[in-house]
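Participant:
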Amino acid sequence: MNPSATIQLVVESGIAVITLNRPDKLNAMTDDMRTELIDALETVKRDRLVRAIILTGNGKGFCAGGDVSGMAQRMEAPAGDVAFNGWTRQQRVHHTVDLLYSMPKPTIAAVNGAAAGLGADMALSCDFIVASDQASFAWSYIRRGLIPDGGGLYFLPRRVGLARAKDLIFSGRKVEAKEALDLGIADRLCAPDALLDEARAWASRLGEGSATALALGKSILNQSYELSAQQVFAQGSQAQAVCYTSREHREAVHAFLTKTR
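Under this note's numbering, think of the first position of the sequence shown as 48, with each following residue one higher.
1. Per DSSP, which residues does residue 76 bridge with? Please list them.
2. For residue 293, which of 273, 259, 302, 279 has the nearest alpha-carbon?
3. Looking only at C-alpha atoms, which of 238, 75, 81, 219 sits nearest to residue 147?
4. Do three or more CB pairs link the region 150-167 to the region 95-110 at distances below 8 Å?
5. Indicate whether residue 153 and residue 174 have their beta-carbon atoms separated by less than 8 Å.
6. Residues bridged to residue 235 by DSSP?
7. If we call anything under 8 Å between Cβ atoms a contact, is residue 184 one with residue 212?
8. Does the region 193-204 come within contact of the region 214-224, defined as at least 3 CB pairs closer than 8 Å?
9. May I ask which residues mark the beginning and end of the alpha helix (DSSP H) holding residue 285?
10. DSSP has residue 108 in a bridge; who is on the other side?
11. Using 10 angstroms around the beta-carbon of residue 271, count the other beta-carbons present and answer buried if the total reaches 16, otherwise exposed.
12. To the nearest whole angstrom, what separates the beta carbons of residue 149 and residue 269, a pair I think is in contact under 8 Å?
13. According to the neighbour-count rule (16 or more other Cβ atoms, all chains shown, within 10 Å of its Cβ), is residue 98 buried or exposed?
14. Could you have a look at residue 212 and say whether DSSP puts it in helix, strand or coil?
15. Between the region 52-61 and the region 76-96, do at least 3 Cβ pairs fall closer than 8 Å?
16. By the three-class DSSP mapping on this structure, what secondary structure does residue 221 have?
17. Can you check which of these residues, 172, 110, 288, is closest to residue 205 by C-alpha distance?
18. Cβ of residue 232 within 8 Å of Cβ of residue 176?
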């Protein structure tokens, strides 16, 4: 592991821990940092030995959002290039978020401190959020004249409901850890020094089952709000047919019948 890398990846016992490592800037995301994060996510996605992923931050913050100095540089581009440059950059942002959201393995955001703007969105794009009781969340885009561009417009209403999502996005206000738990933004709270241990234990439990069944089930669940019941049933039938042929299913049935597990 390169201690100076802005993204650190450590895999141990089937659990990948990806750490945002720009603590002096509260892990604010730069374009180069995003490229490193995409590389790390694509690496763990391909690695069949990785059963679950934890995303966390180094230092006092989880992620303070997009780097404001980068915003200033984008505004210095020729007027005719600003929109296309922005569109191009957004494709990278959305690719990053989609890698987390569609990862065929459980993902946990271990939020150690402030998660603001893109940082809050990235946490939501994970399957679960465990937060330090010193953590906070803020969809503060409006204070920069922006809208949530990291998936918050999609993920936040599904976590807290439409009216509450509007309140948080329109105001940009800070949500402290206890309120985040009450609202359903965070799934669990723990002491700061127990955060990674809690996340690792949870990730280990989530990764114990069939990787095939988990990947297929997650894919369908991620679409279930947009699909009809009949469409979910149809996708479930196809996925179950694949599961019938999987090594995990055959081994589990054999173990049950022979009472070896």
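Even for Gly, the Cβ is constructed at its ideal location relative to N, Cα and C.
Source: prediction; values computed, not measured.
Facilitator: From the atom records:
1. For residue 76, which the question treats as bridged, DSSP gives the partners 113.
2. Comparing alpha carbon positions, the residue from 273, 259, 302, 279 closest to residue 293 is 259.
3. Cα-wise, what sits closest to residue 147 is 81.
4. Judged by Cβ distances under 8 Å, the region 150-167 makes contact with the region 95-110, as three or more pairs qualify.
5. Using a Cβ distance threshold of 8 Å, residue 153 and residue 174 count as a contacting pair.
6. Residue 235 is bridged by DSSP to 177.
7. Taking 8 Å as the Cβ cut-off, residue 184 and residue 212 do not qualify as a contacting pair.
8. Yes, since at least three Cβ pairs between the region 193-204 and the region 214-224 fall closer than 8 Å, the two stretches touch.
9. 276-291 is the extent of the alpha helix (DSSP H) around residue 285.
10. Its beta-bridge partners are 161.
11. Classification for residue 271: exposed.
12. With 8 Å as the limit, residue 149 and residue 269 qualify as a contact, their Cβ atoms being about 7 Å apart.
13. Buried.
14. When DSSP states are grouped into helix, strand and coil, residue 212 belongs to the helix group.
15. When C-beta atoms of the region 52-61 are compared with those of the region 76-96, three or more pairs fall below 8 Å, so the two segments count as touching.
16. DSSP, read as helix, strand or coil, puts residue 221 in strand.
17. Ranking 172, 110, 288 by CA distance to the CA of residue 205 puts 172 first.
18. Yes, the pair counts as a contact, with Cβ atoms nearer than the cut-off.
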